[in-house]
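Below: the structure, in structure tokens.
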Amino acid sequence: MVFSKSCSSFLRLCLIIVSFIAFQCNADGGQTSTLVVNAAQGRPMPDTLFGVFYEEINHAGAGGLWSELVNNRGFEAGGKKMPSNFAPWTIVGTETTIHVETELSSCFERNKVALRMDVLCDNCPFDGVGISNPGYWGMNIVKGKKYKVVFYYSSTGPLDLTVSFRDGQGGGAILGSSHIIKPNKKGAKWKKIESIITASASSPNAGITLRTTKKGTIWLDQVSAMPQDTYKGHGFRTDLVEMVQKLKPAFLRFPGGCFVEGVTLRNAFRWKESVGPWEERAGHFNDIWKYWTDDGLGFYEGLLLAEDVNATPIWVFNNGISHTDEIDTKDIQPFVQEALDGIEFARGPSSSKWGSLRASMGHPEPFVLKYVAIGNEDCGLKNYLGNYLVFHKEIRKYYPDILMISNCDASRKPLDHPADLYDYHIYPVDDVHMMFTNAEVFDHTPRNGPKAFVSEYALIGANIARHGTLIGGLSEAGFLIGLERNSDHVAMAAYAPLFVNANDRVWNPDAIVFSSNQVYGTPSYWVTYLFKESNGATFLNSTLQTTDPGTLAASAILVKDPQNKNTYLKIKIANMRKTQVDFKISIQGFASKNLKGSTKTVLTGNELDENSFAEPKKIAPQTSPLQNPGNEMNVIVQPTSLTILDMF
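Those letters in the sequence shown? Residues -29 to -1, 1 to 619, by mature numbering (1 follows the signal peptide of the UniProt record, and there is no 0).
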């Protein structure tokens, strides 16, 4: 290609301009920012500031946190029209050896669907015919571990059944089995079988089969398999609970979210259907997230989970509104009574009607329930305000100490109804600067009204947030620093969603990703982790001097060490710039007790880096000694990073 003289001159001019812009960018990135901290002036932040939000989304509970291995254990997922679809169960055998269909013949009144197996073969295959269940994209069976299998059966003759865990989601090698032989006793139509199977081999992709070689008819219902090492024996998957525990959540908001509302009220979560013996829970179609849940992780289990992770429960209940239908305020009383009964179940004495049911489930002492949310994201709908006011009046009448949360945002204008807190949800789509600076919305909110509950926040979007990128997490870190600054008004905040089964990514990103046998935290998880000491800490007056506050944020807090009771200084610096920052820090009024023990923790990497099962800690905090700590010090803040300085 040939250039003219004028073109060549123009090109040189362009190169000069580009070089100047690049120099300016590098100068901005490398220039010194200053943080002045006054450790003698501060205010306490709420003990409740940062917690977690659990919703039945992405198979978070069914096929995840709840340790039940069998998918559709009660055969109810196909509905009540017989014969129904009993997927994901499959038939083991041919049409000439076995016929399988559902019937409304179960011994459980709340879930009448049972499975009927007509074994047709006189000389059945050596390993039998029957049914197989793959679990939720494979069951994790580990050699040496024990699994409790429970099922109910009725039969036309003696029972001769082999229950096995098999590789290949039920079609492969046997990993452990139990051969069950029972006589056919007259008078007892349905019988319960319990068996402990010790795994002889391992597979994260197993299934369970129930097979027989004997001709006859067998009815089956409520086929369950659970590992015996669940968290505290409470039915929760231990590795997932431990991930939550690491966050030291101040509260647990549950069970939704849109899960509480449903697309229709018919499929909304109703707490009374989710308590009592697991065999008698009807289960329901989670129509908002498009899968069946047997409600094994019900209202009781949500309260128990909060207690297990030492978090305050926040119960979100349906206020007579779904995504497509609403109950008129004049007809809302049954829903109000259901909410009152739910509060009694949680905190009533064991002598009360609903408190006695809680006690029978293993928790005679009341749970500590202080917060309830009246609906989810329903503000502005036709009947929300009318319904809300009825709920508020009745709950205040019987439980004056309970704090009630409105769905209506009061960050910009006052509410027109009474509330103790108000919900604030924020999901910027691939806009990191909006996420980073969004807490500014609370800078000018009047402090004389209800407190803010940021019950759902996250950066989302397919281009930047993806499945959980570093830059997405850093944008949220800037937001959390802003919430600390406004913690005289913001009482609580939680990232959303908490969990995702990697096989059902309905919503992205999420904090904790898991499969049948693996788990990792996304960068957003680690950001939340690095803010866990903020609950109940002292927020200090500080001034940040920087050229671009839209990409750099910092805060300073005093934290009391629960072990030695000493107070230490924690400084957080969120840097979304692609260049390092020379950070000058000046601290007034802080007397160190162990300056040499000071540390620097950094979360950094490339902007769009994500964690994965192959690299679960590609983006994870790295801690090292803080170099040259002191009340006057210079710190190099890495590009695209969250830096935590702990001075002891």
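For every residue, glycine included, the Cβ atom is placed at its ideal position computed from N, Cα and C.
Keep in mind that this is a model prediction, so the values were computed, not measured.
### Task
Could you tell me the distance, in whole angstroms, from the CA atom of A236 to the CA atom of T264?
Ala is not the amino acid found at residue 236; the sequence shown has Leu there. The alpha-carbon atoms of L236 and T264 are separated by roughly 16 Å.
### Task
Report yes if the CB atom of M88 is closer than 9 Å to the CB atom of I189, and no otherwise.
I189 sits close to M88, with the two beta carbons spaced by under 9 Å.
### Residues near A172 in its chain [Cβ-Cβ closer than 6 Å; skip 5 each side]
These residues qualify, in order along the chain: K114, L146.
### Task
Below 7 Å CB to CB, which residues in the same chain sit around R548 once its five sequence neighbours on both sides are set aside?
G(-1), T522, L523, P610
### Task
Using three-state DSSP, classify G187 as helix, strand or coil.
strand
### Task
Would you be able to state if there are at least three C-beta pairs under 8 Å between the region 207 to 220 and the region 118 to 132?
The region 118 to 132, when compared against the region 207 to 220, does not touch it at the 8 Å Cβ threshold.
### Query
Anyone know if the C-beta pair for A525 and I442 falls short of 9 Å?
no
### Query
Going by beta carbon distance, what residues of the same chain come within less than 8 Å of T283, once the five residues before and after it are set aside?
T19, G22, A221, F222, L223, A277, V339, K341, Y342
### Task
Answer with buried or exposed for Y271, where buried requires no fewer than 16 other C-beta atoms within 10 angstroms of its C-beta.
buried
### I167 versus D532: straight-line alpha-carbon distance, rounded
44 Å
### Message
Check whether the region 253 to 269 and the region 30 to 49 touch, using three or more Cβ-Cβ pairs below 8 Å as the test.
### Response
yes
#### Entry: Inter-residue Cα distance where the pair is I(-9) and A562
Here I(-9) scores only 38 on pLDDT, less than 50, and its place in the model is too uncertain to base an answer on.
### Query
Is there contact between the region 460 to 469 and the region 503 to 510, where contact requires at least three CB pairs shorter than 8 Å?
Because the criterion of three Cβ pairs below 8 Å is not met, the region 460 to 469 and the region 503 to 510 do not touch.
### Query
Do the region 353 to 368 and the region 303 to 318 touch if we need at least three Cβ pairs shorter than 8 Å?
yes
#### Entry: Own chain partners of I303 with C-beta closer than 6 Å, once the 5 adjacent residues on each side are dropped
G291, N358, V361
### Distance, E411 Cα to L454 Cα
Taking the straight line joining both Cα atoms gives about 8 Å.
### Query
Exposed or buried, which one is C(-5) when buried takes at least 16 other CB atoms within 10 Å?
In this prediction, C(-5) has a pLDDT of 40, which is less than 50 and means its spatial position is unreliable; nothing more can be read from the coordinates.
### Task
Return the chain-ordered ranges of every beta strand (DSSP E) run that is complete within the region 522 to 604 and spans a minimum of 3 residues.
523 to 531, 538 to 546, 552 to 559, 570 to 575, 593 to 596
#### Entry: Among F413, S487, I435, G432, nearest to residue 637 - alpha-carbon criterion
Nothing about residue 637 can be read from this structure; the chain reaches only from -29 to 619.
### Message
Once the 5 residues before and after E578 are set aside, which same chain residues still bring their CB inside 8 Å of it?
### Response
T440, L441, I442, K549, T611
### Query
Quick one: any contact between the region 29 to 40 and the region 469 to 479, if contact means 3 or more CB pairs under 8 Å?
yes
### Reduced DSSP category for E80 - H, G, I as helix; E, B as strand; rest coil
coil
### Query
DSSP three-state call for S(-24): helix, strand or coil?
Any reading at S(-24) needs caution, since the residue's pLDDT is 35, under 50, leaving its predicted position unreliable; the model's value is listed next. Under the three-state reduction of DSSP, S(-24) is assigned to helix.
### Query
Which residues in the same chain have their Cβ closer than 6 Å to the Cβ of V134, if we skip the five residues on either side of it in sequence?
Taken in chain order, the residues that qualify are V120, S149, L181.
#### Entry: Rounded C-alpha distance that separates L352 from A423
The straight-line gap from Cα to Cα measures roughly 21 Å.
### Task
Could you check what DSSP says for M110 in three-state terms: helix, strand or coil?
In the three-state reduction of the DSSP assignment, M110 falls in the strand class, which pools E and B.
### Enclosing alpha helix (DSSP H) for H255 [first to last residue]
For H255, there is no enclosing alpha helix (DSSP H); the residue is part of the beta strand (DSSP E) that begins and ends at 255 to 257.
### Query
If you compare alpha carbons, which of E250, V41, A85, I28 is closest to residue 621?
Summary: the structure shown does not reach residue 621, with the chain confined to residues -29 through 619, and so no result is reported for it.
### Query
By how many angstroms is the C-alpha of A429 removed from the C-alpha of F24?
12 Å
### Task
Assign S382 to one of three DSSP states: helix, strand, or coil.
Reduced to three states, the DSSP call for S382 is coil.
#### Entry: Residue burial classification, G143 (beta-carbon count within 10 angstroms, cutoff 16)
exposed
### Task
Give the secondary structure of P284 by DSSP, where H, G and I count as helix, E and B as strand, and everything else as coil.
strand
#### Entry: Beta-carbon proximity check, V461 vs D210, cutoff 9 Å
no
### Query
By DSSP, does K422 sit in helix, in strand, or in coil?
strand
### Query
Is the region 431 to 440 touching the region 570 to 585, taking contact as three or more C-beta pairs under 8 Å?
yes
### Query
Could you give the distance in angstroms between the alpha-carbon of N42 and the alpha-carbon of N354?
37 Å
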